[in-house]
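Asks:
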Amino acid sequence: MEPDTRNMRFELSHDTIARQVFDKASAEAQARRKVEKYIGDRLAMYRERGTLLTRDDLNYVQPWLSAIRVDAAESALIADSRRAVNRQRNRLRMTVVGIIAILSISTIAAVIARGTARTQAELATARHVVSKAIAAMDQGVLDLAALYAVEAERYPMERSPLLTWHLSSARARGYLAGHTDAVSAVTFSPDGQLVASASWDSTVMVWNAGTRRAVGEPLHGHTGMVNGIAFSPDGGTLAAATEDGAIVLWDVAKGQQRGEPLRVHAAAVEVVAYSPDGTSFATGSDDSTVIVWDASTSRPRGPPLRGHGGVVTGVAFSADGRRLASSSKDSSVIVWDVATA
Numbered sequence: 000m001e002p003d004t005r006n007m008r009f010e011l012s013h014d015t016i017a018r019q020v021f022d023k024a025s026a027e028a029q030a031r032r033k034v035e036k037y038i039g040d041r042l043a044m045y046r047e048r049g050t051l052l053t054r055d056d057l058n059y060v061q062p063w064l065s066a067i068r069v070d071a072a073e074s075a076l077i078a079d080s081r082r083a084v085n086r087q088r089n090r091l092r093m094t095v096v097g098i099i100a101i102l103s104i105s106t107i108a109a110v111i112a113r114g115t116a117r118t119q120a121e122l123a124t125a126r127h128v129v130s131k132a133i134a135a136m137d138q139g140v141l142d143l144a145a146l147y148a149v150e151a152e153r154y155p156m157e158r159s160p161l162l163t164w165h166l167s168s169a170r171a172r173g174y175l176a177g178h179t180d181a182v183s184a185v186t187f188s189p190d191g192q193l194v195a196s197a198s199w200d201s202t203v204m205v206w207n208a209g210t211r212r213a214v215g216e217p218l219h220g221h222t223g224m225v226n227g228i229a230f231s232p233d234g235g236t237l238a239a240a241t242e243d244g245a246i247v248l249w250d251v252a253k254g255q256q257r258g259e260p261l262r263v264h265a266a267a268v269e270v271v272a273y274s275p276d277g278t279s280f281a282t283g284s285d286d287s288t289v290i291v292w293d294a295s296t297s298r299p300r301g302p303p304l305r306g307h308g309g310v311v312t313g314v315a316f317s318a319d320g321r322r323l324a325s326s327s328k329d330s331s332v333i334v335w336d337v338a339t340a
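Just so we're aligned, residue 0 is where the sequence shown starts under numbering that gives the first Met the number 0, counting upward by one.
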């Protein structure tokens, strides 16, 4: 009796399809477990070091979020990381916009000053590069936009028009270069001898204002971008506010941390300021609160000050130190009585 080859072909085809479906489901399950483990590992790192997810991390996990199990803590980490990435994106966008604006002004000024055919040709090239920077920015590719903007500085003169424009001003005294990412804040020491700068590269640098040279090595010890800095009135301590919600206090003379980072805020710390007498300092955070700290104990003087409905963008003490003003992205300014707050 002849075997039924049609049934055999059907069974073989069915087995092949079933095996392919099983293999695909198995691969997807394995990929889901891999993403779940990845998020779990990053949560552990966040709890240990305060390190948020990067843009690449978010791009990796985003397609899987609807298919995997994510607990409340992991969801909070992802949400906080998105906010941090968006803030960095917005800051970079503003930087690129500023560079493009200055380049446009300086390029036009150069053409008016020289009016040569060569300059006209360079201007056309510069405009082309700037247009690429604008297009990249519109597409959200801010890293590429920044590179195009820097490239545009080469035109239309042998020296960078942006640099020449700055150096031609009698007010420009020089440039301090050392950070590897955007500089977010800068301040003079009370005696004017030092300049401190904070950066997204997670470092603070202290400079000699006269020689414009770095004093010691960059201050490493922040686990997130540094958003704000402030010298104590005696110039001995430098407070740094970081993206991971910490305040790091530095001994300026020794270049060493004073104790462990202070962690009370529930989100990024944006700003920090000392009282005129140096007995207190205040911090403002993305958690919409302000905290007044005892400078001698490095402990909060009381509970966080609540009243803002958005990120706290600025803090400043009155001359007598009795009042504290804070500003917020919710369009409000609040004046606090420090003694009773």
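All C-beta atoms, glycine included, are put in the ideal place defined by N, C-alpha and C.
#1: Could you tell me the distance, in whole angstroms, from the CA atom of isoleucine 333 to the CA atom of threonine 241?
#2: For a test of the three-state rule: what should DSSP assign to serine 325, helix, strand or coil?
#3: Taking the alpha-carbon of tryptophan 335 as reference, which of Thr312, Leu304, Gly308 and Lys328 has the nearest alpha-carbon?
#4: Can you tell me which of the three DSSP states proline 62 falls into?
#5: Taking the alpha-carbon of alanine 213 as reference, which of Phe230, Leu175, Phe187 and Thr236 has the nearest alpha-carbon?
#6: Just verifying my parser: in three-state terms, what is the DSSP assignment at aspartate 56?
#7: Hey, how far is the Cα of alanine 294 from the Cα of proline 302?
#8: Relative to the ligand FAD, is the shortest distance from any of its heavy atoms to the C-beta of valine 332 smaller than 8 Å?
#9: Taking the alpha carbon of aspartate 79 as the point to measure from, which residue in Thr53, Trp63 and Tyr273 has its own alpha carbon closest?
#10: With distances taken from CA atoms, which of Ala252, Val251 and Ala238 is nearest leucine 261?
#11: Going by Cα to Cα distance, which pick from His264, Tyr273 and Ile38 is closest to serine 287?
#12: Could you pull out every residue in the same chain whose Cβ sits closer than 6 Å to the Cβ of arginine 48, ignoring the five residues on either side in sequence?
#13: For the candidate residues Ser297, Ser74, Gly313 and Ile246, whose alpha-carbon lies nearest to that of threonine 278?
#14: Do valine 291 and phenylalanine 280 have their beta-carbon atoms positioned less than 9 Å apart in this structure?
#15: Could you check where the beta strand (DSSP E) with aspartate 250 kicks off and where it finishes?
#16: Using the Cα positions of leucine 248 and serine 327, report the straight-line distance between them to the nearest angstrom.
#17: Please work out which residues of its chain come closer than 8 Å, Cβ to Cβ, to glycine 235, disregarding the five sequence neighbours upstream and downstream, and give them in chain order.
#18: Is the segment 33 to 44 touching the segment 216 to 230, taking contact as three or more C-beta pairs under 8 Å?
#19: If you follow the beta strand (DSSP E) that histidine 204 is in, where does it begin and where does it stop?
#20: Looking only at C-alpha atoms, which of Asp200, Asp180, Val205 and Trp199 sits nearest to threonine 186?
#21: Can you tell me which of Val69, Ala318, Asp319 and Asn58 puts its alpha carbon nearest to the alpha carbon of glycine 39?
#22: By alpha-carbon positions, which one of Gly177, Pro189, Gly209 and Glu259 ends up nearest to serine 196?
#23: For the beta strand (DSSP E) holding aspartate 180, just list the boundary residues, first then last.
#24: Pull the bridge partners of aspartate 293 from the DSSP assignment, please.
#25: Confirm, please, whether the CB-CB distance from aspartate 285 to valine 311 is below 9 Å.
#26: Does the Cβ-Cβ distance between aspartate 243 and leucine 57 come in under 9 Å?
#27: To which residues of the same chain is leucine 76 closer than 6 Å at the C-beta, ignoring the five residues directly before and after it?
#28: Considering only residues of the same chain and omitting the five flanking positions on each side of valine 34, which have a CB-CB separation below 6 Å?
#29: Report back the beta-carbon spacing between valine 225 and serine 188 to the nearest angstrom; my notes put them in contact at under 8 Å.
#30: Between Gly220, Val203 and Asp233, which lies nearest to serine 274 when the distance is taken from Cα to Cα?
#31: Evaluate serine 317 with the Cβ neighbour count: other Cβ atoms within 10 Å of its Cβ, from every protein chain shown; 16 or more gives buried, anything less gives exposed.
Replies: According to the structure data:
#1: Approximately 23 Å, taken between the alpha carbons.
#2: Reduced to three states, the DSSP call for serine 325 is strand.
#3: Leu304
#4: Helix at proline 62.
#5: Residue Leu175 is the option with its Cα nearest to alanine 213.
#6: helix
#7: Spanning the two alpha carbons is a distance of roughly 16 Å.
#8: The ligand FAD is not part of this structure, which contains no ligands at all.
#9: Thr53
#10: Ala238
#11: Looking only at His264, Tyr273 and Ile38, the smallest Cα-Cα distance to serine 287 is reached by His264.
#12: Thr222
#13: Ser297
#14: yes
#15: Residues 246 to 250.
#16: 24 Å
#17: Asp250, Val251 and Ala252
#18: no
#19: Correcting the residue identity first, residue 204 is methionine in this sequence and not histidine. Note, methionine 204: beta strand (DSSP E), 203 to 207.
#20: Val205
#21: With distances taken between Cα atoms, glycine 39 lies closest to Val69.
#22: Checking every option, the nearest Cα to that of serine 196 belongs to Gly177.
#23: Looking at the DSSP string, aspartate 180 is not in any beta strand (DSSP E), and its letter there is neither H nor E.
#24: Ser279 and Arg298
#25: yes
#26: no
#27: Answer for leucine 76: Leu42 and Tyr45, listed in chain order.
#28: Val60, Trp63 and Ile67
#29: Not really, about 17 Å apart at Cβ, beyond 8 Å.
#30: Checking every option, the nearest Cα to that of serine 274 belongs to Asp233.
#31: exposed
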